[in-house]
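Here's the structure we're looking at; comments come further down.
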Amino acid sequence: MIEVEKLKEYAHKLMFDMKEEEYQTLQEEFSTILKQMDLIGKIEGIGDVCPMTFPFPNPDASLREDEVGDYLTVGEVLENSKHQIDDQVKVPKVVREDV
Amino acid sequence: MYRGKSITELRSLLDSSEVTAEELFSDANTLAHRFQEDYNSFVTILDTMKYKKRDSLLDGICYALKDNFSTNGILTTASSNILKDYVPVYDATVVRKLKNAGAILLGKTVLDELAMGGTGTTGHTGVVCNPWDKKRMIGGSSAGSCACVALGIVPFSIGSDTGDSVRKPAAFGGVVGFKPTYGRISRYGLFAFASSLDHVAMFTRNVLDAAIVTDVLKGKDPHDMTTLANDEKNYVSLLNQDVKGKKLFYVKEICGIDVMEQSDDLELKETLARFHEVLDNIRKEGFEIEEVSIRKELLEAIYPSYMSISCAEATSNNSNLTGILFGPRGEGDTIEEIMFDARTKGFSEFIKRRFVLGSYILQKENQEKLFLNAQRVRRMLVDQMNQFFQKYDAMIAPCSGGPAPYFDATSEKLSDRYLILENHLAIGNFGGFPSITLPYGFVQDMPVGLNITGRVCEDDLVLAIASHIEEITGMKDLYCKVGE
Chain G
14 MIEVEKLKEY AHKLMFDMKE EEYQTLQEEF STILKQMDLI GKIEGIGDVC PMTFPFPNPD
74 ASLREDEVGD YLTVGEVLEN SKHQIDDQVK VPKVVREDV
Chain Y
88 MYRGKSITEL RSLLDSSEVT AEELFSDANT LAHRFQEDYN SFVTILDTMK YKKRDSLLDG
148 ICYALKDNFS TNGILTTASS NILKDYVPVY DATVVRKLKN AGAILLGKTV LDELAMGGTG
208 TTGHTGVVCN PWDKKRMIGG SSAGSCACVA LGIVPFSIGS DTGDSVRKPA AFGGVVGFKP
268 TYGRISRYGL FAFASSLDHV AMFTRNVLDA AIVTDVLKGK DPHDMTTLAN DEKNYVSLLN
328 QDVKGKKLFY VKEICGIDVM EQSDDLELKE TLARFHEVLD NIRKEGFEIE EVSIRKELLE
388 AIYPSYMSIS CAEATSNNSN LTGILFGPRG EGDTIEEIMF DARTKGFSEF IKRRFVLGSY
448 ILQKENQEKL FLNAQRVRRM LVDQMNQFFQ KYDAMIAPCS GGPAPYFDAT SEKLSDRYLI
508 LENHLAIGNF GGFPSITLPY GFVQDMPVGL NITGRVCEDD LVLAIASHIE EITGMKDLYC
568 KVGE
């Protein structure tokens with residue numbers, strides 16, 4: 014069974030935390046899901062198959078030309094941000110003074 | 088007064104000036120408010136309409152939109168606290184197309200948070216109830232979009248389908264749910280869940296209406312490089328193509344007589360018995376139907392493979408939800424602390440569990456066993472389906488082992504019913520196949536649905552077959568008349 018500490022490590026990598034009891038639930042859920050996933054490894058011939066990343070090759074998919082178009086204004090981009098200064102999103106200082 | 092009417096019925100009333108678009112909107116708005124407390128279909132109900140008359144079958148027709156599609160100037164939350172105050176500054180392509188067709192947006196509907204989940208219980212504004220029985224789920228993730236069509240509030244709604252998020256609730260709500268071929272409808276402006284599986288899809292109350300809506304929405308979009316070129320077909324006019332003699336198959340391990348006979352589950356037995364009665368009736372009308380077999384271990388791998396691929400893709404797709412550019416900002420002294428706090432408070436436990444799973448799957452040491460093997464299963468299943476499609480025109484299957492579950496129901500997650508019958512619709516997403524659910528009967532006084540899945544890019548044929556089956560079953564234009 015996967016350890017709770019390991020689950021915490023994954024959660025923190027994703028930049029969030031969970032309550033202790035939620036980690037317990039997650040641990041139980043992992044147990045079931047990993048059992049289900051074990052089934053996959055037992056499928057005959059699976060090692061010979063190329064992984065599939067998209068449903069089917071799309072003959073119409075191509076990179077479009079770079080063209081000047083209508084884009085969002087700075088004002089529109091900032092509309093949903095709660096903290097702004099001089100037409101920019103305000104965040105705490107990133108560069109530390111002691112570096 | 089106009090409750091439960093189809094697009095074509097409303098079109099006729101509008102064209103003969105028996106009703107105006109304003110009156111239809113007012114009627115739908117009243118219904119939406121009336122049923123909101125009991126069923127919770129909507130995150131946002133619009134009380135004023137935006138409408139410009141157009142020359143289209145959808146002109147003047149109201150619709151509802153899942154709250155994970157961008158709508159310029161209208162709150163769009165994805166039913167998550169992390170987006171609870173987000174107001175987009177652009178329209179999704181489907182919204183723009185519907186606007187250009189004269190369709191009128193009535194409201195934004197509740198989903199399982201960030202479209203992950205199949206219960207309709209995890210949205211940040213509360214649980215969506217099944218109109219046919221409030222003690223049961225409507226399913227998800229497109230829960231509100233299904234409920235408002237099943238209640239007869241609007242004749243159609245838009246959802247998204249990554250594993251079965253339109254086609255499964257459609258079965259539980261007694262309505263039609265159609266997911267066209269991957270790329271047929273642009274995903275621009277749809278919040279990504281798992282990009283290789285995400286489809287735009289719709290709820291209607293008959294197959295003709297699904298064809299009408301798809302004709303409006305389909306086509307190449309420069310904003311979505313995965314869209315297909317316009318197939319230059321009119322699905323409405325192709326609905327009546329000759330489908331007699333078309334060959335269908337059902338998979339023995341999903342819904343064969345053996346599954347029914349060997350089970351002790353009475354609900355499952357009744358559901359499959361009704362399904363096989365319908366198969367007999369379809370045969371009598373000139374379809375050929377044969378049983379085929381797929382290795383059981385491959386079918387049992389559908390759900391874990393879906394979980395593996397979708398959670399891994401979701402973990403990456405949702406990394407932009409930081410509370411910095413949009414969404415409630417977290418507290419902290421550094422940018423990292425602010426993001427950490429915003430994400431801790433903004434995601435529900437359920438979502439966090441899925442993200443952790445996705446992260447685990449993507450770890451270097453787990454990728455081969457969990458992620459790449461899941462993608463290999465995906466190919467094996469899709470190859471198997473394409474092999475069947477060389478001989479057969481479409482697959483037919485029940486959408487579920489029973490009607491909508493009760494809220495307090497539990498499933499044995501390693502059972503055959505759970506792993507195969509409750510999750511096989513994801514095959515349609517793995518291969519991007521056009522796939523439609525339509526009601527075929529009632530079990531325990533609740534609707535049950537069957538699904539038709541066909542070859543990639545043969546959306547017209549899938550719709551035509553579904554339309555003929557709809558005539559055979561007579562299960563058309565259903566809605567729950569609660570409150571009448």
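Just so you know, the protein sequences line up as chains G and Y, in that order. The first sequence begins at 14 in this note's numbering and counts up by one. The second sequence begins at 88 in this note's numbering and counts up by one. All residues carry an ideal CB built from backbone N, CA and C; glycine is no exception.
How is the beta strand (DSSP E) around residue i delimited, first residue to last?
i, result
"proline 534 of chain Y", "533-541"
"valine 379 of chain Y", "375-379"
"aspartate 125 of chain Y", "Looking at the DSSP string, aspartate 125 of chain Y is not in any beta strand (DSSP E); the run it does join, the alpha helix (DSSP H), is 108-126."
"arginine 223 of chain Y", "220-224"
"leucine 193 of chain Y", "191-196"
"aspartate 49 of chain Y", "With chain Y represented from 88 up to 571, any question about residue 49 of chain Y goes unanswered, as that position is not in the structure."
"lysine 266 of chain Y", "263-266"
"valine 17 of chain G", "First-last for valine 17 of chain G: 17-26, but that is the alpha helix (DSSP H), not the beta strand (DSSP E)."
What's the gap between the Cα of residue i and the Cα of residue j?
i, j, result
"phenylalanine 280 of chain Y", "glutamate 499 of chain Y", "26 Å"
"leucine 408 of chain Y", "lysine 140 of chain Y", "37 Å"
"proline 526 of chain Y", "lysine 563 of chain Y", "8 Å"
"asparagine 321 of chain Y", "phenylalanine 290 of chain Y", "19 Å"
"glutamate 354 of chain Y", "isoleucine 161 of chain Y", "42 Å"
"glycine 227 of chain Y", "lysine 255 of chain Y", "7 Å"
"isoleucine 396 of chain Y", "glutamate 124 of chain Y", "36 Å"
"proline 485 of chain Y", "arginine 465 of chain Y", "21 Å"
"asparagine 116 of chain Y", "alanine 188 of chain Y", "20 Å"
"alanine 513 of chain Y", "aspartate 308 of chain Y", "25 Å"
"valine 549 of chain Y", "phenylalanine 67 of chain G", "22 Å"
"serine 103 of chain Y", "leucine 295 of chain Y", "20 Å"
"glycine 518 of chain Y", "phenylalanine 69 of chain G", "7 Å"
"alanine 429 of chain Y", "glycine 82 of chain G", "34 Å"
"valine 253 of chain Y", "lysine 222 of chain Y", "20 Å"
"lysine 383 of chain Y", "glutamate 340 of chain Y", "6 Å"
"glycine 204 of chain Y", "glycine 536 of chain Y", "19 Å"
"asparagine 29 of chain Y", "valine 236 of chain Y", "Nothing can be reported for residue 29 of chain Y: it is not among the residues displayed for chain Y, which extend from 88 to 571."
"leucine 284 of chain Y", "asparagine 516 of chain Y", "5 Å"
"isoleucine 225 of chain Y", "valine 262 of chain Y", "11 Å"
"leucine 72 of chain Y", "isoleucine 148 of chain Y", "Beyond the ends of chain Y as shown, which are 88 and 571, falls residue 72 of chain Y; an answer cannot be given."
"aspartate 83 of chain Y", "glycine 207 of chain Y", "Because chain Y in this structure spans residues 88 to 571, residue 83 of chain Y falls outside the shown range and cannot be described."
"threonine 301 of chain Y", "phenylalanine 413 of chain Y", "32 Å"
"threonine 95 of chain Y", "aspartate 546 of chain Y", "20 Å"
Where does the unbroken alpha helix (DSSP H) through residue i begin, and where does it stop?
i, result
"threonine 38 of chain G", "33-54"
"alanine 401 of chain Y", "389-404"
"histidine 363 of chain Y", "353-371"
"phenylalanine 259 of chain Y", "254-260"
"alanine 279 of chain Y", "First-last for alanine 279 of chain Y: undefined, no H or E at that position."
Cβ of residue i versus every heavy atom of the ligand PLP: is any distance shorter than 7 Å?
i, result
"arginine 121 of chain Y", "For the ligand PLP, the structure offers nothing, since it holds no ligand at all."
Of the residues the options, which one's Cα is nearest the Cα of residue i?
i, options, result
"valine 443 of chain Y", "Y/Arg430, Y/Asp420, Y/Thr402 and Y/Ile483", "Y/Thr402"
"aspartate 154 of chain Y", "Y/Gly343, Y/Asp532, Y/Val197 and Y/Cys342", "Y/Val197"
"glycine 122 of chain Y", "Y/Gly488, Y/Gly561, Y/Leu101 and Y/Cys216", "The sequence given here has phenylalanine at residue 122 of chain Y, not glycine. Phenylalanine 122 of chain Y has its Cα closest to that of Y/Cys216, out of Y/Gly488, Y/Gly561, Y/Leu101 and Y/Cys216."
"aspartate 329 of chain Y", "Y/Tyr566, Y/Ala316, Y/Tyr177 and Y/Ser554", "Y/Ser554"
"histidine 211 of chain Y", "Y/Ser166, Y/Thr560 and Y/Val338", "Y/Ser166"
"arginine 274 of chain Y", "Y/Asn159, Y/Val181 and Y/Ala429", "Y/Val181"
"threonine 540 of chain Y", "Y/Gly488, Y/Asn510 and Y/Ala481", "Y/Ala481"
"leucine 277 of chain Y", "Y/Gln349, Y/Phe437, Y/Phe520 and Y/Asp248", "Y/Asp248"
"glycine 264 of chain Y", "Y/Leu565, Y/Val365 and Y/Phe427", "Y/Leu565"
"leucine 386 of chain Y", "Y/Met472, Y/Arg98 and Y/Gly207", "Y/Met472"
"valine 469 of chain Y", "Y/Thr421, Y/Asp146, Y/Asn327 and Y/Pro521", "Y/Pro521"
"phenylalanine 374 of chain Y", "Y/Ile559, Y/Met426, Y/Lys195 and Y/Val535", "Y/Ile559"
"isoleucine 272 of chain Y", "Y/Glu377, Y/Gly561, Y/Gln450 and Y/Met312", "Y/Met312"
"proline 490 of chain Y", "Y/Thr358, Y/His511 and Y/Asp503", "Y/Thr358"
"alanine 257 of chain Y", "Y/Ser282, Y/Val287 and Y/Arg292", "Y/Arg292"
"valine 108 of chain G", "Y/Asn538, Y/Ile422 and Y/Asn516", "Y/Ile422"
"methionine 14 of chain G", "G/Phe43, G/Met31 and G/Lys21", "G/Phe43"
"proline 579 of chain Y", "Y/Leu185, Y/Ala190, Y/Lys195 and Y/Ile191", "In this structure chain Y extends from 88 to 571, so residue 579 of chain Y is not present and cannot be described."
"serine 99 of chain Y", "Y/Asn327, Y/Leu145 and Y/Ile132", "Y/Leu145"
"tyrosine 173 of chain Y", "G/Ala74, G/Glu89 and G/Gln40", "G/Glu89"
"arginine 504 of chain Y", "Y/Asp351, Y/Ala461, Y/Leu326 and Y/Gln450", "Y/Asp351"
"threonine 314 of chain Y", "Y/Val530, Y/Ser282 and Y/Leu118", "Y/Ser282"
"isoleucine 56 of chain G", "Y/Ile132, Y/Arg370 and Y/Ile389", "Y/Ile389"
Should residue i be flagged as near chain C, meaning a C-beta pair shorter than 8 Å?
i, result
"glycine 270 of chain Y", "Structure shown: chain C not included; protein chains present are G and Y."
Check: Enumerated in chain order, which unbroken segments of the alpha helix (DSSP H) with a length of 4 residues or greater are wholly contained in the segment 419-480 of chain Y?
Finding: 422-433, 436-449 and 460-478
Is the segment 266-275 of chain Y touching the segment 232-244 of chain Y in the sense that three or more CB pairs, one from each, lie closer than 8 Å? no
**OP:** Pick out the complete alpha helix (DSSP H) segments inside the segment 507-531 of chain Y, 4 residues or longer, and give them in chain order.
**Re:** 513-518
ask   = Is there contact between the segment 106-115 of chain Y and the segment 450-464 of chain Y, where contact requires at least three CB pairs shorter than 8 Å?
value = Verdict: no, contact absent.
Is it true that the segment 127-142 of chain Y meets the segment 221-238 of chain Y, where meeting means three or more beta-carbon pairs spaced less than 8 Å apart?
Contact between the segment 127-142 of chain Y and the segment 221-238 of chain Y is present, because at least three Cβ pairs lie under 8 Å.
With a floor of 3 residues, list each beta strand (DSSP E) that falls wholly inside the segment 280-342 of chain Y, ordered by position along the chain. 286-291 and 334-338
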